[in-house]
Amino acid sequence: MLSAAYSAGICGIDGFPVTVECNQKNNLQGFELVGLPDLAVKEAKERVRTACQNSGYSFPYSRITVNLAPADRKKEGSVFDAAILTAIFHSSGVIHRDVSLEKRCIVGELSLSGNLRGVRGILCMCVAAKENGFREFYAPAENAAEAAAVEGITVYAVRSMRELVLHLNGEQTLDPVSCNREAFASGADRYREDFYDVRGQAMAKRAMEIAAAGGHNILLIGPPGTGKSMLAKRLPSILPPLTFAEAIETTKVHSVAGTLPEGVSLISVRPFRAPHHTMSPVSLVGGGINPMPGEVSLADNGVLFLDELPEFPKTVTDALRQPLEDRRVTITRANGRVTFPCSFMLVGAMNPCRCGYFGHPSHKCTCKPEDVKRYISRISGPMLDRMDIQIELPSLSYEEISAPAGEAEHSDVIRERVTRARTFARARMGEESDVFCNAQLDAAGIHRYCEMDESASALLKTAYERLGLSARGYDRILRVARTIADLDESERIGAAHVAEAIQLRSLDRKYWG
C-alpha cells in the first residue's frame with residue numbers, strides 16, 4: 391500500500407518541501423529509509439518504531455520502504471520523524487485512507503514515548519510550506535508560536551503522535567495557534583541600556599547618533615574607562631524599531647542556529663553580539679560540516695561589537711571584509727552551498743596602545759614607540775577603510791563623571807530623531823528601493839542621492855587631495871555627509887555636513903598616517 395505525507399527541510403535559512411513516500415508489502419518484513427538521509431535521519435527508524443508502540447499502536451508487520459523526495463537533496467536532522475510515522479500510519483490504515491494529507495506539512499522530532507520535541511529552524515520551514523501552497527502546518531507545541539508568525543497558513547501545536555492521529559481522523563480537534571502582533575509591537579523598544587546613563591562624551595554620542603541614522607560602521611578609540619563599551623551596548627536602543635519583516639529574517643537565523651531565548655517565539659529587539667577576541671574565523675562568518683550561521687549572521691539587522699579590536703586575529707578581521715560589503719555570506723562545502731544574511735552595523739573599540747594610555751594627558755604610557763606602531767598596525771588599511779566613522783573618546787574629568795544628568799537625553803528621544811532621518815532618506819529613495827539606509831548606497835546611489843552644493847564640493851575636493859583619500863574613503867565621507875544632512879532634513883549636502891563627516895574620519899591620519 392502506497393501513501394505519502396509532507397514535511398520540510400532546511401538549507402541555510404531557507405526551507406524546502408519534502409515528500410515522505412511510504413510503501414508497504416505484507417509478505418515481507420523490514421524497514422528501509424532512502425532519499426539521501428544523514429545519520430540522524432537514518433536513526434529515525436528506531437525512534438519511529440518505538441514511538442509507534444508507546445503511542446498505543448501496533449507497528450506494521452510488513453516490508454516498509456520510506457523515500458524522502460527529492461531524493462538527490464541531502465536530508466539532515468530529526469525533523470522528518472513525525473512525517474515518516476504519519477505516512478506509515480496512513481498506508482496501514484491507522485489514519486483513515488480517505489483522509490487527505492496533501493496541503494498539510496508535518497514536522498517534528500519523535501521521543502520514544504511518542505511525544506513531539508521541538509526542532510531548529512521551524513520558522514524557515516513554515517515559510518517554505520506557505521510558499522509551496524500548503525494550507526496547514528503541524529509543529530511541535532514547543533515551536534508552534536514561532537511558526538505562527540507566518541501569515542497565510544494555519545499552524546497547529548502537536549504534543550504527541552496520538553493527538554495528531556486523532557485530529558486527522560476527526561476524532562479530536564486541535565486549536566490553531568495565532569501570533570500576537572500586539573505583543574511584538576510592545577516589545578520592540580524594550581532595552582535595558584539607555585543613553586541617559588552616559589556622562590560626558592557629547593561628541594561620541596553625536597557620532598553614535600549619526601551612525602545609527604545611516605547604518606554606518608564606527609570605530610571608537612580611547613583609553614580604558616572612557617565609555618567605549620558603554621556606548622556600544624546602548625547603540626541598539628537608538629536604532630529604529632525592527633519591522634515585522636526584519637524580525638522574521640532575524641528570527642529565522644537564530645532559529646536555525648538554536649539561539650532563540652527560551653519562551654521567545656519572535657525576536658522583537660535588534661540583536662547585539664559581542665564575541666570574544668579568541669574566536670575563530672568560522673565562528674565569526676559561519677561554517678562547519680553542516681554550515682551554521684556565525685556571529686555576523688546572528689547580528690543581522692543589529693549590531694556586531696568587537697571590543698579590543700587589535701586583539702582579534704588578523705584572519706578574523708580580514709574575514710569581515712566581504713560580509714561588510716555584500717551584507718550576506720556564502721559558505722561552500724562539498725555537499726553544497728548556503729547563504730546567510732548579515733546586514734549589521736559594526737562597532738569596533740580599541741585602546742590607542744597595549745597599555746591604553748598613549749597620548750593620555752596625565753597617565754604615562756609604558757609602551758615603546760615601536761610597540762605602539764605594531765599594536766596600531768594590527769588594524770589593516772582595508773579594514774580601517776570600511777569604518778565610516780572614527781571617533782576618539784577622551785578621559786573624563788571628575789566634574790564630568792560626578793555631574794548630575796542634567797540635560798542628558800534618553801535613548802527614545804534620540805531614536806525619534808534617528809527614525810525621522812531614516813524616514814526622510816527612505817522617502818527620497820522610494821518605498822520600492824532595497825536600500826534601507828545610507829550605508830547601503832552603492833556607487834550609482836551615491837551619484838544619484840548625494841547632491842552637494844558648490845561650497846561642499848569644494849571642501850571635499852580639498853580634503854580628498856590633502857588627506858590622500860581612497861575612492862572608498864571618498865564614498866564613505868559622502869555617505870556620512872548624506873546622513874548628517876538627513877538629520878537636518880536637508881535635500882542637499884552642505885559644507886557643514888561635509889566638514890563634520892571629514893572630522894569623523896580623521897583619526898586614521900593621527901594614528902595610522
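Under this note's numbering, the first residue of the sequence shown is numbered 391, with each subsequent residue one higher.
Cβ coordinates follow ideal geometry from the N, Cα and C atoms, glycine included.
Does the Cβ-Cβ distance between residue i and residue j come in under 8 Å?
| i | j | result |
| --- | --- | --- |
| V659 | L674 | no |
| G913 | K465 | The requested residue 913 is not part of the displayed model; the chain covers only 391 to 903. |
| M551 | A472 | yes |
| R510 | S645 | yes |
| L783 | G738 | no |
| I474 | P450 | no |
| T640 | P661 | yes |
| R439 | L506 | no |
| E832 | A603 | The displayed chain sequence assigns Asp, not Glu, to residue 832. Not in contact: D832 and A603 (Cβ atoms no closer than 8 Å). |
| A537 | I512 | yes |
| L710 | I769 | no |
| A441 | G467 | no |
| P613 | H800 | no |
| M882 | M842 | Just to set this straight, residue 882 is Arg in the shown sequence, not Met. Result yes, Cβ atoms of R882 and M842 sit closer than 8 Å. |
| N691 | L632 | yes |
| K520 | V540 | yes |
| H667 | F702 | yes |
| L650 | I781 | no |
| L714 | L736 | yes |
| V456 | G399 | no |
| L621 | M593 | no |
| L500 | Y396 | no |
Which residue comes first and which comes last in the beta strand (DSSP E) that contains residue i?
| i | result |
| --- | --- |
| V456 | R453 to A459 |
| G399 | L392 to C401 |
| E652 | No beta strand (DSSP E) contains E652, which DSSP labels as neither H nor E. |
| R494 | R494 to I496 |
Please classify residue i as buried or exposed, where buried requires at least 16 neighbouring CB atoms within 10 angstroms.
| i | result |
| --- | --- |
| G858 | exposed |
| Q337 | Lying before the first or after the last residue shown, residue 337 is absent from the chain, which here runs from 391 to 903. |
| D462 | exposed |
| P595 | It is worth fixing the name first, because residue 595 is Lys in this sequence and not Pro. Flag for K595 reads buried. |
| P731 | buried |
| V497 | buried |
| V555 | buried |
| A848 | exposed |
| Q419 | exposed |
| T616 | buried |
| A891 | buried |
| R727 | exposed |
| S767 | exposed |
| V545 | buried |
| T756 | exposed |
| K851 | exposed |
| K618 | buried |
| N725 | exposed |
| P759 | exposed |
| E561 | exposed |
| Y528 | buried |
| R437 | buried |
| T707 | buried |
| K904 | Only positions 391 to 903 of the chain appear in the structure, and residue 904 is not among them; the question remains open. |
In terms of residues, what are the limits of the alpha helix (DSSP H) holding residue i?
| i | result |
| --- | --- |
| M740 | Note, M740: premise wrong, no alpha helix (DSSP H); beta strand (DSSP E) at M735 to M740. |
| G863 | A861 to L877 |
| S673 | P671 to V675 |
| K464 | K464 -> no alpha helix (DSSP H), and no H or E assigned at all. |
| D471 | D471 to S482 |
| H887 | A885 to Q893 |
| I638 | F634 to A647 |
| T852 | E844 to L857 |
| L621 | K618 to R624 |
Determine whether the Cβ of residue i lies closer than 8 Å to any Cβ atom of chain C.
| i | result |
| --- | --- |
| A811 | This model lacks chain C altogether; it includes just one protein chain. |
Touch test, the region 478-490 against the region 515-523, Cβ-Cβ under 8 Å, three pairs minimum
no
Between the region 619-635 and the region 830-849, do three or more beta carbon pairs fall short of 8 Å?
no
Scan the region 517-590 and note each continuous alpha helix (DSSP H) run of 4 residues or more that stays entirely inside, going in chain order.
534-537, 551-558 and 571-576
Every unbroken alpha helix (DSSP H) inside the region 407-459 [4 residues or more]
429-432 and 434-444
Which runs of the beta strand (DSSP E) fall wholly inside the region 680-751 and span at least 3 residues, in chain order?
693-696, 718-723, 726-731 and 735-740
Considering only residues of the region 793-840, which uninterrupted alpha helix (DSSP H) runs meet the minimum length of 4 residues and lie entirely inside it, listed in chain order?
801-819 and 833-839
For the region 760-778 against the region 606-623, are there 3 or more C-beta pairs whose distance is under 8 Å?
yes
Report the start-end ranges of each beta strand (DSSP E) in the region 586-615 that is 3 residues or longer and not cut off at the edges.
608-611
Quick one: which unbroken beta strand (DSSP E) runs of 3-plus residues sit fully inside the region 747-779? Chain order, please.
none
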